[in-house]
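So the sequence shown is numbered by numbering that gives the first Met the number 0: it starts at 0 and just counts up by one.
Reviewing the structure listed below.
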Amino acid sequence: MWMPMPVPPKRTITITDPWPLLGFWTRVLGFFLLFAGALVVVAGATPGGNCYSSATACSGFASQAANSILAARILWVLGLGALAAGAAIRLHWGIRMPEGAKPEDVTWAIADRRTNALIFVVCIVLMFLIFLISSDITVFAATGTTPLGL
């Protein structure tokens with residue numbers, strides 16, 4: 000006869016160990032900032048309807064697009080930084096090996112640590128790429144050249 004699983008014990012949030020909760024909310028903030036940056040660039044770098052009816056009505060679009068891309072880069076860097084900080088908090092303070100753990104529990108803890116380490120490294124690489132692209136565009140715009148002869 001089939002028997003249902005017992006009810007798991009209730010998890011309580013303890014104030015003595017705030018790091019896992021802080022890591023979670025920092026990552027939530029990072030994802031929110033990434034989403035806001037995407038909204039800013041889509042809204043600001045898309046020509047309005049008046050640009051299609053008259054060419055003179057769209058005279059300030061290039062500066063508007065450049066400003067929205069700049070604002071989006073700032074939001075993306077802040078979002079990636081928050082995402083990396085949340086992963087680092089979880090990696091350093093949040094994931095502990097359980098005492099007397101079974102091999103399956105240890106495997107899950109190691110996988111969680113590797114995932115957070117990968118998130119951290121990818122965020123740092125993406126921030127570096129945003130900085131590199133931003134500085135290249137600024138230098139190339141000032142000198143009037145194009146990157147790699149493109």
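C-beta: ideal position from N, C-alpha, C; glycine also.
Remember, predicted model here, so these are calculated numbers, not experimental data.
Here DSSP, grouped into helix, strand and coil, assigns S58 to coil.
A check of alpha carbon separations from A110 across V121, I94, V124, L125 identifies I94 as the nearest. By the Cβ rule, the region 76-83 counts as touching the region 119-129, because three or more pairs are nearer than 8 angstroms. Taking all protein chains in view, the Cβ of A86 is crowded by 16 or more other Cβ atoms within 10 Å, so the residue is classified as buried.
The region 57-65 makes no contact with the region 126-135; the number of CB pairs closer than 8 angstroms stays below 3. Under the 10 Å beta carbon count, S62 is surrounded by fewer than 16 other beta carbons and is classified as exposed.
When secondary structure is reduced to three states using DSSP, E98 falls in the coil class, being assigned neither helix nor strand. For G36, the uninterrupted alpha helix (DSSP H) run begins and ends at 18-43, by DSSP. Here the C-alpha atom of D16 lies approximately 23 angstroms from the C-alpha atom of F30.
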